[in-house]
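Residue numbers for the sequence shown follow the UniProt record's numbering, so the first one is 1 and each next one is one higher. Where a beta carbon is used, it is the ideal one built from N, C-alpha and C, also for glycine.
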Amino acid sequence: MYYNRNLSKDINDKIPYLYYPISTIDHNSGPITEIALYTDHSGHTKKTYIAAGCCVNQPDIQKDNFITSILDDGYINVWSAHNEILDNENNNNNNNATEGNYSTISDVKISNNGKYIYTSGFDKRVEVWDRKTFTPQYIVGQQHKANINRLAVHLEYFDQEIVASCADDGVVIIYNEKEDNGYSSSDSEENEVGNWRQEKIYYSSSYSACDITFGIKNCTNYLFTGFECENGGIIKIFDIYQMEMLYRKKYPGRISCISLSPTGKLLSCGTFIGSDDDQLSNDIYLIDTETQTHINIETPQNDINLILWSRDGQKIVSCSTDDTGIIYDIRYLSRPLTTIKHQGFIEPDGCGIVSAKWMNNTDVLITGGTDSTLRFWDLNLGDPEIHSIFLNDSSVSSISLTDDDEWLCAGTNNGCVKVYSIDRDFISLWDKNNNNNNSSSSNSNANTSNFNSSNSTNLNSGSNNSISISS
């Protein structure tokens, strides 16, 4: 399949429909930190669920920090979650919540089978939500003593919930719903919360656990964690079946992000320097998960925000704070395959390219960054940029894409979620809802005994709930 800059009828004819958002969820919060999407194929209809976390800039007055929606229905919910003064002793279905500071939601994940939505926050906890009803179920993770940075959901389990969290205190915790999975907890702290068992596998330390991911394919029993420490970084590999550490190695560069190849055989690790005074390495590390040997990839990028693999496992994309993305072919690592760059107006003190996703049904990479633009790249072309969407009002903070590529959501630094679709039936649905001036707010029937929640809001009634939606 060939592309050209004119987006003629010869190409994937759906991509041009992404010029304008169907709708904008304007939350008036801090940056959107993470967006998760899940498509439910059960029953006779297909519905796509979105969950988005927000950064809380004013914790004493800003409560609405969690956005959920069924995109196909055109409705959104706004919630208040991660209250730092919730009663932790009776956190399962309690009515003892007190007003306090609401914290930033650092990560959002959805179960493989769509059962739960998981959120982590700077309140040092993980919250478990029912995905279908958007109701809170459990609070876990209280063994963390610092901000939780990332969550991981085990991709190889569809009938069982296995989740992990990592935090600035160096602690890593594994959570699994009560079914017997053969774990041994002889060398770990264990605590049960309702139906959940949580096991601390790494203890408090002077270094921060910045990223985490479970193994797949032939290494499903592995949990990979990247750490930042004073004079470099550390990678640890933990066997979640035997509950023992298999690998620990210190590297000269601080680890900022990790990503596992689609085969599970290679772990890529991005690094950051932090300041010009640091004399640390800024290499990319490529670790063989079977032999635990590694090679270094030299890179001019000082601070890498994210690193991801192509679907065929042949290419690595490294995106950094300097607004560049460098693509490497793992078969020819002596020099980069190509370099892509976000240009135009760049916000002062911007974070560069902060999010990227591969489209699933065509070989196109989507990136978003400080120049307030989503860019589409076909890396097989000499001039790879084939499409772009300018967001007008703010830089991009997060991107999420459904498995069928029908929905694309982009979070911004000013608290908006831009909703795009390449399916014209969905576009018509949202247009109809936006033009229905007689529609009214529908109250959420969710049981929010653990949390303070707001109403479920129709597309035209957002102003009463600190949220607005415009087409």
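- Taking one beta carbon from each stretch, the segment 65 to 73 and the segment 146 to 162 have fewer than 3 pairs nearer than 8 Å; the two do not touch.
- About 13 Å separates the beta carbons of I237 and Y251, which is beyond the 8 Å limit, so they are not a contact pair.
- Boundaries of the beta strand (DSSP E) harbouring M245: 244 to 251, taken from the DSSP string.
- Per DSSP, reduced to three states, the secondary structure at D403 is coil, with no helix or strand assignment.
- Between the beta-carbon of I295 and that of Y328 there is about 11 Å, and that puts the pair past the 8 Å contact cut.
- Using a Cβ distance threshold of 8 Å, P300 and T338 do not count as a contacting pair.
- In the structure shown, L306 falls within a strand segment according to DSSP collapsed to helix, strand and coil.
- Remark: C-beta atoms of I148 and S120 approach each other more closely than 8 Å.
- Counting along the chain, the unbroken beta strand (DSSP E) around D288 starts and ends at 284 to 288.
- Residue nearest to G368 within the set L381, L401, T362, N360 is L401 (criterion: CA-CA distance).
- Burial check for K249: the Cβ neighbour count within 10 Å stays below 16, so the residue is exposed.
- By the Cβ-count criterion, S42 is exposed, with fewer than 16 other Cβ atoms from all chains shown falling within 10 Å of its own Cβ.
- Distances from the CA of T373 to each of A356, G141, C269 were compared; the closest alpha carbon is that of A356.
- In the DSSP assignment, V78 falls within the beta strand (DSSP E) that extends over 75 to 80.
- Shown here, C409 sits in a strand according to DSSP, grouped into three states.
- Beta-bridge pairing by DSSP links R335 to no other residue.
- Your pair G170 and Y207 checks out as a contact, with CB atoms roughly 5 Å apart and the cut at 8 Å.
- In the DSSP assignment, I258 forms a beta bridge with C269.
- Taken in chain order, the unbroken stretches of beta strand (DSSP E) that lie wholly in the segment 108 to 179 and span 3 residues or more are 116 to 121, 126 to 130, 135 to 140, 148 to 153, 162 to 167, 172 to 177.
- In the structure shown, N361 falls within a coil segment according to DSSP collapsed to helix, strand and coil.
- The C-alpha of E230 is placed about 43 Å away from the C-alpha of T48.
- Measuring C-alpha to C-alpha distances from E161 to each of C319, D393, W407, D130 identifies D130 as the nearest.
- Taking 8 Å as the cut-off, the beta carbon of T68 is found closer than this to the beta carbon of F134.
- The criterion of a C-beta distance shorter than 8 Å is satisfied by V140 and V193.
- Bounds of the beta strand (DSSP E) holding D239 are 232 to 239.
- As the crow flies, the alpha-carbon of D64 is around 15 Å from that of E34.
- Here DSSP, grouped into helix, strand and coil, assigns L381 to coil.
- In this structure, D303 places its C-beta atom within 8 Å of the C-beta atom of F272.
- Judged by DSSP in its simplified three-state form, L37 adopts strand.
- With contacts defined as CB atoms closer than 8 Å, G325 and I340 qualify as a contacting pair.
- Here C55 carries a coil assignment [DSSP, helix/strand/coil].
- Scanning H82, D26, N101, N113 for the CA closest to the CA of I76 turns up D26.
- In this structure, G226 sits away from D239, with a CB-CB distance that is not shorter than 8 Å.
- Q58 sits exposed, since fewer than 16 C-beta atoms from the chains shown fall within 10 Å of its C-beta.
- Taking C-alpha positions only, D404 is separated from N360 by approximately 7 Å.
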